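To start, the structure itself, in structure tokens.
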Amino acid sequence: MANDSLNNTYKWYAAYTDSRAEKKVCQELTKKDIDCYLPLKIEKKQWSDRVKVVENPLIRGYIFVKVSTREYYEVLNIPAVRRYVCFEGFPTAIPENQISDLKYFVQNMNTEVEVTSERISKGTFVKIVSGPMSGISGEVVEIRGKRSIVLRFNDLGFCVHADLGTNEVELLNK
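Residue numbering for the sequence shown follows my numbering, starting at 7 and increasing by one per position.
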């Protein structure tokens, strides 16, 4: 954040919110003309008398904001925002491409993918080269069976479960 005081560059940050307040925070930020992103997933909820389709946050308790130094503290003044996500005591800026990858993933996460993950191992960095999530890269942190891996987006601070395999990823040298 110290570098930002010299200029008005905009960077993405993740902020913690109160439980179940993500949508409200997003509305408040939008009213203040602050660029924000709240990834939502569609879920069907079954009640005794009906089924309802609802949108819930993909990552509970988080919202992503793109701010300059001027708006940085304004975000913290929203009552349901607790603090920014920090590593080693400092808020961590998230690269633009990782937010783009997350947006792309959310848009295409309901698309089915038929693959295997036999040559992928834990700790491997991969780039998805075909299918609905083409172009996204991350670190494999877990392998679940023969068709499923968990990718980590380091600067976002969370992992994404994806059904991927050998014909859809290429290994990256890191």
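We put the CB at the ideal spot given by N, CA and C, even for glycine. Predicted model only: the values in this text are computed from it and were never measured.
Residue i (DSSP reduced to helix, strand or coil)
i	result
residue 75	helix
residue 177	strand
residue 23	strand
residue 44	coil
residue 126	coil
residue 103	helix
residue 118	Confidence at residue 118 is low in this model, with a pLDDT of 41, below 50, so the placement of that residue should be treated as unreliable; the coordinate-derived value is given next. Coil, per DSSP.
residue 16	coil
residue 108	helix
residue 60	strand
residue 133	strand
residue 146	strand
residue 94	coil
Sequence-distant residues of its chain with Cβ nearer than 6 Å to residue i (five each side left out)
i	result
residue 72	16, 18 and 41
residue 140	134
Spatial distance of residue i from residue j (CA atoms)
i	j	result
residue 49	residue 83	31 Å
residue 90	residue 74	14 Å
residue 121	residue 128	Its pLDDT being 35, under 50, residue 121 is placed unreliably in this model, and the value from its coordinates should be taken loosely. So the two alpha carbons sit approximately 17 Å from each other.
residue 81	residue 157	29 Å
residue 87	residue 24	6 Å
residue 63	residue 178	30 Å
residue 143	residue 176	9 Å
residue 32	residue 145	29 Å
residue 79	residue 26	22 Å
CB contact flag (residue i, residue j, <9 Å)
i	j	result
residue 69	residue 108	no
residue 112	residue 47	yes
residue 30	residue 77	no
residue 34	residue 66	no
Cutoff 9 Å: residue i Cβ touching any chain C Cβ
i	result
residue 67	In the displayed structure, chain C is absent; only one protein chain is listed.
Close beta carbons around residue i, own chain, < 7 Å, minus the five adjacent residues each side
i	result
residue 59	48 and 50
residue 149	123, 126, 128 and 155
Neighbourhood of residue i by C-beta distance below 8 Å, restricted to the same chain and skipping five residues each side
i	result
residue 14	74, 75 and 76
(message) I want to know whether the stretch 97 to 105 touches the stretch 55 to 67 - three or more CB-CB distances under 8 Å.
(response) no
(message) Quick check: the stretch 102 to 112 against the stretch 19 to 35, are at least 3 beta-carbon pairs closer than 8 Å?
(response) Because the criterion of three Cβ pairs below 8 Å is not met, the stretch 19 to 35 and the stretch 102 to 112 do not touch.
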